[in-house]
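Colleague: What the sequence shown shows, in the numbering used here, is residues 362 to 606, in sequence order.
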Amino acid sequence: MKASPADQETLLRLQAIDTRIAQLTHRLGNLPQAAPLAELASRDDGVRRSRAEAHGVLEDTRAELKRIESDVEMVEARIARDSERLTQTSSVKDVAALESELVSLRRRLSDLEDQELVVMERVEGAESAVAAIDDERAGIAVAQQQLESERAEAAAGLETEREQAVRDRGTVAATVPEALLAFYEQRRERGAGVGAALLRQRTCGGCTMTLTGSDLEAVRRSAPDEVVQCPECDRILVRTEESGL
Numbered sequence: 362m363k364a365s366p367a368d369q370e371t372l373l374r375l376q377a378i379d380t381r382i383a384q385l386t387h388r389l390g391n392l393p394q395a396a397p398l399a400e401l402a403s404r405d406d407g408v409r410r411s412r413a414e415a416h417g418v419l420e421d422t423r424a425e426l427k428r429i430e431s432d433v434e435m436v437e438a439r440i441a442r443d444s445e446r447l448t449q450t451s452s453v454k455d456v457a458a459l460e461s462e463l464v465s466l467r468r469r470l471s472d473l474e475d476q477e478l479v480v481m482e483r484v485e486g487a488e489s490a491v492a493a494i495d496d497e498r499a500g501i502a503v504a505q506q507q508l509e510s511e512r513a514e515a516a517a518g519l520e521t522e523r524e525q526a527v528r529d530r531g532t533v534a535a536t537v538p539e540a541l542l543a544f545y546e547q548r549r550e551r552g553a554g555v556g557a558a559l560l561r562q563r564t565c566g567g568c569t570m571t572l573t574g575s576d577l578e579a580v581r582r583s584a585p586d587e588v589v590q591c592p593e594c595d596r597i598l599v600r601t602e603e604s605g606l
């Protein structure tokens, strides 16, 4: 393939822009906030599961407390009823039975109140556990919001740079002959994003191989407008005064 030395040198400008676009694209896909955000998301998942368990314990404890409170109300109602009946009866037998029942009811009430205090403490503990987990989730949310804001700001800056680089590429690519551009794109696709490299001091800028022997002589004999390729990596070798030929 034939192409003027100037057009070949333009490929170096194009390659530099393509390399920059690739770097910016890579950075956009690997922003530093991504890893800590993923870690926070994983941590939040674990905390949410812990909260579900803690909330389940809280609900069960509240239900237990409610049952005890209901039993307390029933016993208190029976004590009030029997106390009233006691004041209204004159039967020695009824009085004895009522007094005996009241003793049992008051003992039962005392036991229930003791249980109520214990369960109330458990409810408070369960509520504190849920509140602590909620505080932890709130802290995670704040950290996530901060990182997301930083990520959005960083991404916006990089995207602006990338868009400008893409525009610059279009401008430079438009000056490259169609056939040469197509060949460059082919080499770039096969060369891991590098289609053209500067030959500096007989060394390929693409694979860093230094040309010697017949490979070097072949490049030396090639006309300036001949598009040559690296014998090692097959990329386009652009010759300039730095090539050391």
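For each residue, glycine too, the CB sits at the ideal point set by N, CA and C. Just so it is clear, the structure is predicted and the values come from calculations on it, not from any experiment.
Could you compute how far the alpha carbon of D405 sits from the alpha carbon of T521?
Modeller: Roughly 32 Å between the two C-alpha positions.
Colleague: Where does R563 sit, in a helix, a strand or coil, going by DSSP?
Modeller: DSSP places R563 in coil when its eight states are reduced to three.
Colleague: Assuming R548 contacts G554 (C-beta within less than 8 Å), just tell me the rounded distance between them.
Modeller: Not a contact, Cβ separation roughly 10 Å.
Colleague: Apart from the five residues just before and just after C568, which ones in its own chain have a Cβ nearer than 7 Å to its Cβ?
Modeller: Excluding positions up to five away in sequence, the list reads C591, E593, C594.
Colleague: Just list the alpha helix (DSSP H) runs in the region 374 to 462, keeping only unbroken ones of 4 residues or longer that don't cross its boundaries, in chain order.
Modeller: Within the region 374 to 462, the complete alpha helix (DSSP H) runs of at least 4 residues are 395 to 449.
Colleague: Would you list the one or two residues that DSSP bridges to V589?
Modeller: Answer is L598, bridged to V589.
Colleague: What residue does the alpha helix (DSSP H) around E546 start on, and which one ends it?
Modeller: First-last of the alpha helix (DSSP H) with E546: 539 to 551.
Colleague: Run the proximity test for K363: is its beta-carbon closer than 8 Å to any non-hydrogen atom belonging to the ligand GDP?
Modeller: Among the components of this structure there are no ligands whatsoever, and the ligand GDP is therefore not found.
Colleague: Nearest by alpha-carbon distance to A364: which of T571, Q449, P538, H387 is it?
Modeller: The option with the nearest alpha carbon to A364 is P538.
Colleague: Going by DSSP in three states, A535 sits in which element: helix, strand or coil?
Modeller: Reduced to three states, the DSSP call for A535 is coil.
Colleague: What is the DSSP secondary structure of T571, reduced to helix, strand or coil?
Modeller: Three-state DSSP puts T571 in a strand.
Colleague: CB E587 to CB R561, shorter than 9 Å?
Modeller: Not a contact, by the Cβ cut-off of 9 Å.
Colleague: Applying the 10 Å Cβ sphere with the 16-neighbour rule, what's the burial state of V436?
Modeller: Buried is the call here.
Colleague: Express the C-alpha separation of L398 and G390 in angstroms, rounding to a whole number.
Modeller: Answer to the nearest angstrom: the Cα atoms are 14 Å apart.
Colleague: Name the residue from R381, A367, D368 whose alpha carbon lies nearest to the alpha carbon of R530.
Modeller: That would be R381, whose Cα lies nearest to the Cα of R530.
Colleague: Work out the CA separation of E425 and V456 for me, nearest whole Å.
Modeller: Approximately 35 Å between the Cα atoms of the pair.
Colleague: Is DSSP giving A526 helix, strand or coil here?
Modeller: Correct three-state label for A526: helix.
Colleague: Among the residues of its own chain, which have a CB less than 8 Å from the CB of L473, if the five just before and after it don't count?
Modeller: Once the five neighbours on either side are set aside, the close Cβ partners of L473 are I429, D432, V433, V436.
Colleague: Does the separation of the CB atoms of A493 and L419 fall below 9 Å?
Modeller: Going by C-beta atoms, A493 is not nearer than 9 Å to L419.
Colleague: Within 8 Å, do at least three Cβ pairs link the region 438 to 446 to the region 461 to 469?
Modeller: Touching, per the Cβ criterion.
Colleague: Could you compute how far the alpha carbon of A515 sits from the alpha carbon of R582?
Modeller: One C-alpha to the other measures close to 50 Å.
Colleague: What does the alpha-carbon distance come out to for the pair E550 and E511?
Modeller: Computed Cα separation, rounded: 34 Å.
Colleague: Residues in the same chain with beta-carbon distance under 8 Å from R563, minus the five sequence neighbours each way, listed in chain order, please.
Modeller: Closer than 8 Å at Cβ, skipping near neighbours: T571, L572, T573, L577, S604, G605, L606.
Colleague: Check whether the region 401 to 415 touches the region 494 to 510, taking contact to mean three or more Cβ pairs, one atom from each stretch, closer than 8 Å.
Modeller: The region 401 to 415, when compared against the region 494 to 510, does touch it at the 8 Å Cβ threshold.
Colleague: Excluding the 5 residues preceding and the 5 following M362 in the sequence, name in chain order all residues of the same chain whose CB lies nearer than 8 Å to its CB.
Modeller: Cβ neighbours of M362 beyond the five flanking positions: A540, L541, F544, E587, V588.
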